[in-house]
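In this note's numbering, the protein residues as written are 1 to 322.
By construction, the Cβ of each residue, glycine as well, lies at the ideal position given by its N, Cα and C atoms.
Reading through the structure tokens given below for one structure.
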Amino acid sequence: MRSVVTGLGACLPKRIVSNDDLAKMLDTSDEWIIQRTGIRQRHIAGEHEPTSVLGLRAAEAALADAGLTSAEIDLIIVATATPDYTFPSVATQIQAGLGMTHGAAFDVQAVCSGFVFAIATADKFLLSGSHKRALVIGAETFSKLLDWTDRSTCVLFGDGAGAIVLEAREATGTVADRGVLTTQLRSDGRHREKLYVDGGPSTTQTTGHLRMAGREVFRHAVGMVNDIVNASFSATGITGADLDWFVPHQANRRIIEASADKLGIAREKVVITVDLHGNTSAASIPLALATARDDGRIKQGDLVMIEAMGGGFTWASALIRW
């Protein structure tokens, strides 16, 4: 059995904030931001666009793309670090929004790696035979966690959501199969202070703000990406030259290009949307997938590598035959 992608959808808030817009409120500039990050703009959620609403819109788009109704889904997993509430989960809110009263719905939290962790989790459910079809959603409103006076962090992030439908299908057990071929997950909690939010229910009873030691994160990122991508190569016998598309977490253009170069992946195979969306954490990979599929780059049968690194640290990859 393989978990095959049968639907894909995305949602971005209406409001777009450019670098020039930020320069009016911060000591920064369009040139400074582009040079260091590759980001030109980001979408920012409005008052009536919480994480669950963005996730629901993306889920509805993915279901429509798959030609399915919510009655045919029996599992919803949402990757998010920015839930509407401490509880209930965003997943159950989306479940209700879809009119579902069956199946299971829950959130996973691995920050920017969350979408890959969610794919790996759904894949295990589907391969076990306990569930047939899953909605896997990455949805974030990181703008709600930002200190808008801190130019080192607030220029980096944006809001959005993306979703895929995974379906268990019979396969041959070779890398020629459509579907998830391998997933690789890692974490190391010793790095908490390099990327974290300084609040929470059991510590400060507040939401807190995102804090990041940017140089330290950059220093670890390329090595961690190489680790999990090479692990996927080893598990399948695939090489960088065999990939059709490399769709990384969209955090920083310099990290993306350095990682691709080190892995021997041609830059023309790298999907980059960080310039348009900024870092949307768990939403960044499905948003990038949707962009590349919709513009005709990713096609059925293509070999696609996704990977991410997030706070914790967490890092993860998945190799998917589209």
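- Contiguous alpha helix (DSSP H) elements confined to the region 141–221 occur at 151–154, taking only those with 4 or more residues.
- With 16 or more neighbouring CB atoms inside 10 Å of its own CB, Arg293 falls in the buried class.
- Ranked by Cα distance from Val247, the options Tyr196, Gly160, Ala283 and Glu216 are led by Ala283.
- Contact between Val78 and Ala139 is confirmed by a C-beta separation of about 6 Å, below the 8 Å threshold.
- Judged by DSSP secondary structure, Gly97 falls within the alpha helix (DSSP H) whose first and last residues are Val90 to Gly97.
- In the structure shown, Pro286 falls within a helical segment according to DSSP collapsed to helix, strand and coil.
- Our two residues, Leu126 and Ala23, have alpha carbons roughly 47 Å apart in a direct line.
- Residues Ala10, Phe115, Gly138, Gly162, Ala163 and Ile164 of the same chain have their beta carbon placed closer than 7 Å to that of Pro286, with the five preceding and five following residues left out of the count.
- By the Cβ rule, the region 24–39 does not count as touching the region 82–89, because fewer than three pairs are nearer than 8 Å.
- Inside the region 50–89, DSSP marks whole beta strand (DSSP E) runs of 3 or more residues at positions 75–79, from first to last along the chain.
- Between the C-alpha atoms of Ser143 and Ala45 there is a straight-line separation of about 7 Å.
- Ala134 carries a strand assignment under DSSP once its states are collapsed to helix, strand and coil.
- Counting along the chain, the unbroken beta strand (DSSP E) around Ile306 starts and ends at Leu303 to Gly310.
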